[in-house]
Every structure is written in structure tokens, then in C-alpha cells.
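To start, the structure itself, in C-alpha cells.
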Amino acid sequence: MLNSRSSLAQRTSLIWEPTSATTPPRQVAAQSIIALEAEILAILENPLQPGETISAGYQRLENELGRAFARLTIADARELQRRISNPTADDVLVARFGRMVLERRQRLIRFLADAPRRAAMQGRVR
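As numbered in my numbering, residues 4 to 129 make up the sequence shown, in order.
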């Protein structure tokens, strides 16, 4: 039973934390389970390089995010896709991701959704 609760808590953005035996539980934000979150956030916050055009800079950003997303486990890719699809006000990573133009966001979201197929093609299951 504890294991199913743990996995459920990892898959949701909120978990229930009991306060005591007599008081009802309260909602608290769950810790992120995405292993590369700091790296992804750093990529999203990376400014343009000197002399780089806006178009080239955002193409570089998309390529760097794609490489980082390719290293995510299937579970982390699904979690990030869920977070992007259901944004919360306090999710900095999703807010930064949302600043990109729609076409880039859609391509990267499709790339996240494609994680199981890529893993199967590489002969690995994570």
C-alpha cells in the first residue's frame, strides 16, 4: 500500500501530508522528480550569444532543449509533458517554457510524448 501511495505522489503535483492522527491532512507541493530540471531551466534562461540573431538564438534553444529532453527517462518525459500541459502559477520551468512561440513549444511537447518510441527504437526501456 505504501508503494502505491509513493508512486501516486510522484505522479501528481500535490500530495497529502498528514498533520496528526486527529486533524485532516493538508495539501503540500510535491518535490519535482525530473532529474534534469535544473539543466532544462538553465537552458531556458540562457540569453542570446553575442552577435546571435533572435531566430538563431531560439533555434539553438530548441536544439539544446531537445538534446536535454532526449536524455530524460520515459517517466520524467511524461511528468514534464504533464506539467507543461497543466501549468501552475508557481512552476518557473513551465512559465519559461511558455515564453517560446507556439510552434517551438508544440514540437518540443511532441518530442517529449515520443519518448517511449525513441526508447524502444534504441532497445532500452526505462
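Ideal placement from N, C-alpha and C gives every residue a C-beta, glycine not left out.
Source: prediction; values computed, not measured.
Sub-7 Å separation of residue i and residue j beta-carbons
i	j	result
alanine 71	isoleucine 43	yes
glutamate 140	arginine 107	Residue 140 lies beyond the residue range present for the chain, which begins at 4 and ends at 129; the question has no answer from this structure.
glycine 60	leucine 68	no
alanine 118	alanine 92	no
arginine 110	valine 97	no
Range of the contiguous alpha helix (DSSP H) that encloses residue i
i	result
leucine 64	57–73
arginine 85	77–88
leucine 47	40–48
DSSP-derived helix/strand/coil call for residue i
i	result
methionine 124	helix
alanine 116	helix
leucine 51	coil
alanine 92	coil
arginine 110	helix
valine 104	coil
7 Å CB neighbourhood of residue i in its chain, flanking five on each side removed
i	result
glutamine 84	Ile112, Leu115 and Ala116
Close beta carbons around residue i, own chain, < 6 Å, minus the five adjacent residues each side
i	result
proline 90	Val97
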